[in-house]
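Asks: The sequence shown finishes on residue 442 if you use the UniProt record's numbering, and the numbering steps up by one all the way, no holes. Glycine included, every Cβ here is placed at the ideal spot set by N, Cα and C. One structure coming up, written as structure tokens, with questions to follow.
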Amino acid sequence: MAIFFTTPLVYDLIILCFSTSVVLLSASPTLVLNLVHSNQMHSSQEPPYVSRSEKASIARLEYSKAKATGDIIAHLSPNVPIIPQAFLVNISIGSPPVTQLLHMDTGSDLLWLQCQPCINCYDQSLPIFDPSRSYTHRNQSCITSEYSMPSLRFNSKSRSCEYSMRYMDDTGSKGILAKDTLVFNTIYDESSSASLPNVVFGCGHDNYGDPLVGTGILGLGYGEYSLVHRFGTKFSYCFGSLDDPSYPHNVLVLGDDGANILGDTTPLEIENGFYYVTVEAISMDGTMLPINPGVFQRNYQTGFGGTIIDTGNSLTSLVKEAYEPLKNKIEEVFDGRFTTADVNQEGMFKVECYNGDYERDLVESGFPTVTFHLSDGAELSLDVKSVFMKVAPNLFCLAVTPSIGNMNSIGATAQQNYNIGYDLEAKKISFERIDCGVLFDY
Ligand SMILES: *[C@@H]1O[C@H](CO)[C@@H](O)[C@H](O)[C@H]1NC(C)=O
Ligand SMILES: *[C@@H]1O[C@H](CO)[C@@H](O)[C@H](O)[C@H]1NC(C)=O
């Protein structure tokens with residue numbers, strides 16, 4: 001008899017102790033998910049919105065700065081990825097499941113989406129999730145850690161845990177921390193799906209400011225509520241050109257068995273939920289740019305500086321001391337062929353734009369590769385499409401901007417055509433330039 005009484009108890013304890021890695025379907029789950037290009041969600045071509053994407057980048061860096069110093073006053077803006085676009089994960093939430101499209105974001109932790117009842121919701125093409133119709137929906141208790149993202153507040157009246165994310169550009173999401181079942185469509189078998197119970201997420205009832213293309217954010221950062229912890233210690237993603245919405249091989253892999261850890265590795269530092277790598281130098285066409293490597297270093301006392309990897313941000317941002325030499329070298333190659341364009345921008349700093357034909361003048365005539373040299377010999381090579389973005393028929397801009405803080409950030413544009421593998425246990429990140437299609441047999 002004793003066995004019958006103790007077994008369930010032991011079982012409960014195991015679930016409790018390993019609650020971050022317990023899953024429904026198997027002991028070590030792996031999910032291979034298709035990434036949806038956000039342009040697939042647009043029926044018509046958007047006009048240029050440099051200022052919006054730029055604003056979002058500023059907001060993120062401001063937030064990163066605040067967070068790196070432990071001073072959480074505002075949350076990062078989920079990038080409004082107008083130019084270039086970003087990637088969405090198609091998931092369903094609740095029981096019965098409701099489809100949602102969430103931005104993949106390595107720069108934040110929490111999964112959040114718009115929820116009914118809406119005090120404020122921006123327009124979305126999919127039905128807004130109504131938690132009252134999901135029988136697996138539960139409120140999540142408020143357990144805050146020092147750097148939990150976002151900051152949480154227990155409301156004793158409604159007995160719920162409220163999250164609030166306010167962005168620098170007056171965008172934000174407020175709601176209740178909840179948990180529910182997530183259902184994923186795996187890439188191999190469209191008729192099968194994998195479900196994961198009790199996923200903590202933010203049910204956003206009050207969402208304001210610039211709308212997203214998707215219906216929320218899927219945070220892959222390291223914070224305690226991040227989905228990555230439900231799949232072990234490894235994940236990887238690979239996406240092709242941001243300007244090719246029809247490319248079918250964009251993929252996110254969660255889980256130790258399936259994550260593609262390929263190519264050169266560089267040490268990964270995890271701090272305050274962010275993924276930091278160490279940039280040692282930047283070269284162009286094989287020539288090292290005159291940049292003091294110290295400008296890439298993180299100050300361990302203040303938390304300032306360093307370089308994060310951020311898929312939620314389209315643009316790459318560099319501190320002035322690194323940005324200026326790069327821009328100067330680029331303009332040296334231009335050799336006066338393009339005049340700088342005065343694009344209507346309302347942000348704090350300027351995205352550098354030029355009058356020229358992106359396809360004819362850059363892609364077809366070629367441009368030298370810009371390489372980020374990371375510690376331990378890993379390299380991230382940016383071809384012409386990773387350095388520039390087309391904004392209008394006769395206008396292109398740098399996809400690299402000066403950061404306003406002192407943090408550097410490697411954005412989605414710079415990560416095109418790479419498989420990027422994260423090994424959170426070995427603290428390594430791997431980069432392999434690849435056609436994502438070779439990773440899988442379809
Ligand atoms: C998302 O997945 C659902 C099936 O769960 C499918 O019907 C829908 O077309 C998918 N949406 C996109 C944009 O891929
Ligand atoms: C969950 O939170 C909502 C919103 O505050 C509240 O109305 C509801 O009573 C809570 N449910 C439970 C089971 O505590």
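For Ser195, is the beta carbon positioned less than 8 Å from some heavy atom of ligand 1?
Replies: no
Asks: Looking at Ser317 and His373, is the spacing between their C-beta atoms short of 9 Å?
Replies: No, the Cβ-Cβ distance between His373 and Ser317 is not below 9 Å.
Asks: For ligand 4, I want to know if Asn292 counts as a neighbour, meaning its beta carbon is within less than 8 Å of at least one of the ligand's heavy atoms.
Replies: Among the ligands in the structure shown, ligand 4 does not appear; only ligand 1 and ligand 2 can be found there.
Asks: Spell out the partners DSSP gives Pro402 in its beta bridges.
Replies: Leu318
Asks: Determine the direct distance from the alpha carbon of Thr311 to that of Pro81, and round the result to whole angstroms.
Replies: With a pLDDT of 33 at Pro81, under the threshold of 50, the modelled position of this residue cannot be trusted, and the question is left open.
Asks: Short check: CB of Val277 to CB of Pro267, under 9 Å?
Replies: yes
Asks: For Glu162, which residues does DSSP report across the bridge?
Replies: Arg153 and Ile176
Asks: Report back the beta-carbon spacing between Leu380 and Ala414 to the nearest angstrom; my notes put them in contact at under 8 Å.
Replies: 6 Å
Asks: Ligand 1 and Thr186: does any heavy atom of the ligand fall closer than 8 Å to the residue's C-beta?
Replies: no
Asks: Tell me the rounded alpha-carbon separation between Lys427 and Leu289.
Replies: Whole-angstrom Cα-Cα distance: 28 Å.
Asks: Run the CB neighbour count on Pro402, radius 10 Å, all protein chains shown included, and call it buried at 16 or more, exposed below.
Replies: buried
Asks: Alpha carbon to alpha carbon, how far is Met389 from Cys118?
Replies: Approximately 36 Å, taken between the alpha carbons.
Asks: Could you tell me how far apart the beta carbons of Leu262 and Ser430 are, in whole angstroms, since I believe they sit closer than 8 Å?
Replies: 6 Å
Asks: Return the first residue and the last residue of the alpha helix (DSSP H) that Lys390 is part of.
Replies: For Lys390, there is no enclosing alpha helix (DSSP H); the residue is part of the beta strand (DSSP E) that begins and ends at Phe388 to Ala392.
Asks: Among residues of its own chain, excluding the 5 on either side of Leu126, which ones have a beta-carbon nearer than 7 Å to its beta-carbon?
Replies: Here the set comprises Thr99, Gln100, Leu101 and Thr215.
Asks: My assumption, with CB atoms under 8 Å, is that Asp256 sits in contact with Thr233. Please give the rounded CB distance.
Replies: 6 Å
Asks: Helix, strand or coil: which one does DSSP assign to Ile143?
Replies: Ile143 carries a coil assignment under DSSP once its states are collapsed to helix, strand and coil.
Asks: So is the beta-carbon of Ser92 under 8 Å away from any non-hydrogen atom of ligand 1?
Replies: With a cutoff of 8 Å, Ser92 counts as near ligand 1, since its C-beta is closer than that to a heavy atom of the ligand.
Asks: Indicate, with yes or no, if ligand 1 has a heavy atom lying under 8 Å from the CB of Asn34.
Replies: yes
Asks: Find the nearest neighbour of Gly223 within the set Asp109, Val200 and Asp264, judged by alpha-carbon distance.
Replies: Per the Cα distances, Asp109.
Asks: Can you grab the Cα-Cα spacing for the pair Ile434 / Val200, in whole Å?
Replies: 33 Å
Asks: Using only the alpha-carbon positions, how far apart do Glu62 and Gly303 sit?
Replies: Interpretation of Glu62 is limited by its pLDDT of 46, a score under 50 that renders its predicted location unreliable; the figure taken from the coordinates is listed afterwards. The alpha-carbon atoms of Glu62 and Gly303 are separated by roughly 13 Å.
Asks: Quick one: grab the DSSP three-state call for Glu271.
Replies: strand
Asks: Quick check: what's the CA-CA separation for Ile15 versus Gly306?
Replies: With a pLDDT of only 27 at Ile15, under the threshold of 50, the placement of this residue in the model should not be trusted; the figure read from the coordinates follows. Each residue's Cα considered, the two are about 37 Å apart.
Asks: What do you get for Cys436, buried or exposed, if any count of 16 or more other CB atoms within 10 angstroms of its CB means buried?
Replies: Buried, because 16 or more other Cβ atoms sit within 10 Å of the Cβ of Cys436.
Asks: So, is Asn299 buried or exposed, given that buried needs 16 or more other C-beta atoms within 10 angstroms?
Replies: exposed
Asks: Look up Ala86 in the DSSP assignment and say whether it is helix, strand or coil.
Replies: Looking at Ala86 - three-state DSSP - the assignment turns out to be coil, as it is neither helix nor strand.
Asks: Whose C-beta lies closer than 6 Å to the C-beta of Leu424 among residues of the same chain, with five residues either side of it excluded?
Replies: Excluding sequence neighbours, Leu424 sits near Thr233.
Asks: Just grab the DSSP bridge partners of Ala341 for me.
Replies: DSSP, once it has assigned bridges, lists no residue as partnering Ala341.
Asks: If we ignore side chains and look at the alpha-carbon of each, how far apart do Asn272 and Met165 end up?
Replies: Using only the alpha carbons, I get a separation of about 16 Å.
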